[in-house]
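Peer 1: Chains as they are written, first to last, in the working numbering: chain A, 27 to 185; chain B, 141 to 284. A virtual CB, placed ideally from N, CA and C, is assigned to each residue, including glycine. Before anything else, here's the structure in question.
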């Protein structure tokens, strides 16, 4: 099992094994989207923003990951949920368009006042959480190869 | 003896690269402004003669002007226009706060431009981690 690194020091910081807080935000099209709607899937919740350079740099990697596991996505086993801390909708939408992001995206466009950022006790971006089908936190802040390996291993073990 | 020479050589290279890294920053250490100092200035209404310019995600510091992301040439151009007639001794405080300086793409192009324009009192707000931790969470003044 890959080690999970918790980088934030807030008291309400999420820990591996916790039940991940519900996320209920709007898609760029203005429709409600909830994390619980992805019940039964392994979900990578990627907190990001168009203003966060390291987050933006990571989007092509996530796209490659999404493409690599597209069968699992199609089979209802895996999903990525992008949660943006953007303030301006046009910046958010432009970034989604630029990187041709096809996984679900949600935001309340409230920057650091985002209710999701508060619920997850996020102190800095990039930040991500991997949850299982019942929203149990499996790992926090895995990136690069560590992230890809974790997803691959989990999907292999939970076919 | 040979080991000592190798060690001395390695130390020289290390010191050299360190100096090179420090030289690369367009600001000097004494141009970094503590967030607390700016917050007190704003709270005590002493920021009237200071331009506070945001070159990052959201101009949330009270009284600050949104220049746009400093990494974009368009923003630097806007900055040059905005400060075109400003006296060179004006205090200008630039901030971003997207992330720590080593990962921030915004502050360097802007600070470089301020240097090129000859501003003598340019400051960089020392948001070591980000605008959330070093400003918002401290309850410092934000835009209404």
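Specify the secondary structure class of residue 92(A) as computed by DSSP and reduced to three states.
Peer 2: As a first step, residue 92(A) is located in the first chain; it is residue number 66 there, counting from the start. Residue 92(A): helix per DSSP, three-state reduction.
Peer 1: So, for residue 98(A): in the same chain, excluding its five sequence neighbours on each side, which residues have a beta-carbon less than 6 Å away from its beta-carbon?
Peer 2: Taking the first residue of the first chain as position 1, residue 98(A) is located at position 72. The residues are 104, 181.
Peer 1: When burial is assigned at 16 or more other CB atoms within 10 Å of the CB, is residue 113(A) buried or exposed?
Peer 2: In the first chain, counting from the first residue as 1, residue 113(A) sits at position 87. Looking at its Cβ environment, which holds 16 or more other Cβ atoms inside 10 Å, residue 113(A) is buried.
Peer 1: Measure the CB-CB distance between residue 215(B) and residue 195(B) and report whether it falls below 8 Å.
Peer 2: By 1-based counting over the second chain, the position of residue 215(B) is 75. By 1-based counting over the second chain, the position of residue 195(B) is 55. Against a cut-off of 8 Å, the Cβ pair of residue 195(B) and residue 215(B) comes out as a contact.
Peer 1: Tell me, which residues are paired with residue 46(A) by DSSP?
Peer 2: By one-based count along the first chain, residue 46(A) stands at place 20. DSSP, once it has assigned bridges, lists no residue as partnering residue 46(A).
Peer 1: Taking its Cβ as the centre, do 16 or more other Cβ atoms sit within 10 Å of residue 150(A), making it buried, or is it exposed?
Peer 2: Position 124 of the first chain, counted from the start, is the residue given in the question as residue 150(A). Classification of residue 150(A): buried, given that the 10 Å Cβ count is 16 or more.
Peer 1: Beta-carbon within less than 6 Å of residue 145(A)'s beta-carbon, same chain only, minus the 5 sequence neighbours each way: which residues are those?
Peer 2: As a position in the first chain, residue 145(A) is number 119, starting the count at 1. Once the five neighbours on either side are set aside, the close Cβ partners of residue 145(A) are 47.
Peer 1: Buried or exposed: which applies to residue 268(B), given that a residue is buried once 16 or more other Cβ atoms fall within 10 Å of its Cβ?
Peer 2: As a position in the second chain, residue 268(B) is number 128, starting the count at 1. With fewer than 16 other Cβ atoms within 10 Å, it is exposed.
Peer 1: Taking 8 Å as the cut-off, decide whether the C-beta atoms of residue 204(B) and residue 219(B) are in contact.
Peer 2: In the second chain, the residue the question calls residue 204(B) occupies position 64. In the second chain, the residue the question calls residue 219(B) occupies position 79. Cβ distance not < 8 Å, so residue 204(B) and residue 219(B) don't count as in contact.
Peer 1: Pop quiz: residue 68(A) and residue 158(A) are said to be a contact at Cβ under 8 Å. What is the actual Cβ separation, rounded to whole angstroms?
Peer 2: Taking the first residue of the first chain as 1, we reach residue 68(A) at position 42. Taking the first residue of the first chain as 1, we reach residue 158(A) at position 132. Yes, residue 68(A) and residue 158(A) are in contact; Cβ-Cβ is about 6 Å, under 8 Å.
Peer 1: Would you check if there are 3 or more beta carbon pairs closer than 8 Å linking the stretch 75-86 of chain A to the stretch 121-129 of chain A?
Peer 2: Touching, yes.
Peer 1: Can the beta-carbon of residue 231(B) be found less than 8 Å from the beta-carbon of residue 190(B)?
Peer 2: Taking the first residue of the second chain as position 1, residue 231(B) is located at position 91. Taking the first residue of the second chain as position 1, residue 190(B) is located at position 50. Taking 8 Å as the Cβ cut-off, residue 231(B) and residue 190(B) qualify as a contacting pair.
Peer 1: What does the alpha-carbon distance come out to for the pair residue 255(B) and residue 234(B)?
Peer 2: Position 115 of the second chain, counted from the first residue, corresponds to residue 255(B). Position 94 of the second chain, counted from the first residue, corresponds to residue 234(B). If I take the Cα positions, the gap works out to 12 Å.
Peer 1: Using a Cβ-Cβ cut-off of 8 Å, state whether residue 254(B) counts as contacting chain A.
Peer 2: To locate residue 254(B), count along the second chain from 1; it is residue 114. Not one chain A Cβ lies under 8 Å of residue 254(B).
Peer 1: Does the distance between the C-beta of residue 256(B) and the nearest non-hydrogen atom of the ligand NAD fall short of 7 Å?
Peer 2: What this structure holds is no ligand at all, so the ligand NAD is not there to describe.
Peer 1: At 8 Å on the CB atoms, spell out the chain A contacts of residue 276(B), in chain order.
Peer 2: One-based indexing of the second chain puts residue 276(B) at position 136. Simply 138.
Peer 1: Could you tell me the alpha carbon to alpha carbon distance between residue 176(A) and residue 54(A), rounded to whole angstroms?
Peer 2: As a first step, residue 176(A) must be located in the first chain, where it is residue number 150. As a first step, residue 54(A) must be located in the first chain, where it is residue number 28. Taking the straight line from one Cα to the other gives about 29 Å.
Peer 1: Comparing the C-beta of residue 78(A) with each C-beta of chain B, is any distance below 8 Å?
Peer 2: In the first chain, counting from the first residue as 1, residue 78(A) sits at position 52. At least one chain B Cβ lies under 8 Å of residue 78(A).
Peer 1: Kindly indicate if chain A contains any beta-carbon less than 8 Å away from that of residue 273(B).
Peer 2: Reading the second chain from its first residue, position 133 is the one you call residue 273(B). It does; some Cβ of chain A falls within 8 Å.
Peer 1: Taking Cβ-Cβ distances below 8 Å as the criterion, which residues of the stretch 145-179 of chain A are in contact with chain B?
Peer 2: Residues passing the 8 Å Cβ filter: 149, 150, 151.
Peer 1: Return no unless some Cβ of chain A is closer than 8 Å to the Cβ of residue 198(B).
Peer 2: Numbered from its first residue, the second chain carries residue 198(B) at position 58. By this cut-off, residue 198(B) is an interface position.
Peer 1: Can you say whether residue 185(A) is buried or exposed, counting buried as having 16 or more other CB atoms within 10 angstroms of its CB?
Peer 2: Counting from 1 along the first chain, the entry for residue 185(A) is found at position 159. Label assigned to residue 185(A): exposed.
Peer 1: Would you say residue 39(A) lies against chain B (beta-carbon separation less than 8 Å)?
Peer 2: On the first chain, residue 39(A) is found 13 positions in, with the first residue counted as 1. Cβ-Cβ to chain B under 8 Å: no for residue 39(A).
Peer 1: Which residues of chain A have a Cβ atom closer than 8 Å to the Cβ of residue 243(B), listed in chain order?
Peer 2: Residue numbering aside, residue 243(B) sits at position 103 when the second chain is read from its first letter. Near residue 243(B) (Cβ distances below 8 Å), the residues of chain A are 79, 80.
Peer 1: Where do the N-terminal and C-terminal ends of the beta strand (DSSP E) with residue 176(A) fall, by residue?
Peer 2: Sequence index remark: in the first chain, residue 176(A) carries index 150 (1-based). Where residue 176(A) is concerned, there is no enclosing beta strand (DSSP E), although the alpha helix (DSSP H) it sits in stretches over 170-183.
Peer 1: Looking at the unbroken beta strand (DSSP E) that takes in residue 131(A), where does it start and where does it end?
Peer 2: Indexing the first chain from 1 puts residue 131(A) at position 105. Where residue 131(A) is concerned, the enclosing beta strand (DSSP E) stretches over 131-133.
Peer 1: Quick check on DSSP: helix, strand or coil for residue 154(A)?
Peer 2: The residue labelled residue 154(A) in the question sits at position 128 within the first chain. Strand.
Peer 1: Since residue 245(B) and residue 211(B) are thought to touch, with beta carbons under 8 Å apart, how far apart are those beta carbons, to the nearest angstrom?
Peer 2: As a position in the second chain, residue 245(B) is number 105, starting the count at 1. As a position in the second chain, residue 211(B) is number 71, starting the count at 1. Right, their Cβ atoms sit about 4 Å apart.
Peer 1: Could you please tell me which residues of the stretch 208-232 of chain B, in chain order, have their CB closer than 8 Å to any CB of chain A?
Peer 2: Cβ contacts with chain A come from 209, 211.
Peer 1: Helix, strand or coil: which one does DSSP assign to residue 29(A)?
Peer 2: Here residue 29(A) refers to the residue found at position 3 of the first chain. Per-residue confidence for residue 29(A) stands at a pLDDT of 40, beneath the threshold of 50, marking its modelled position as unreliable; no derived number is given.
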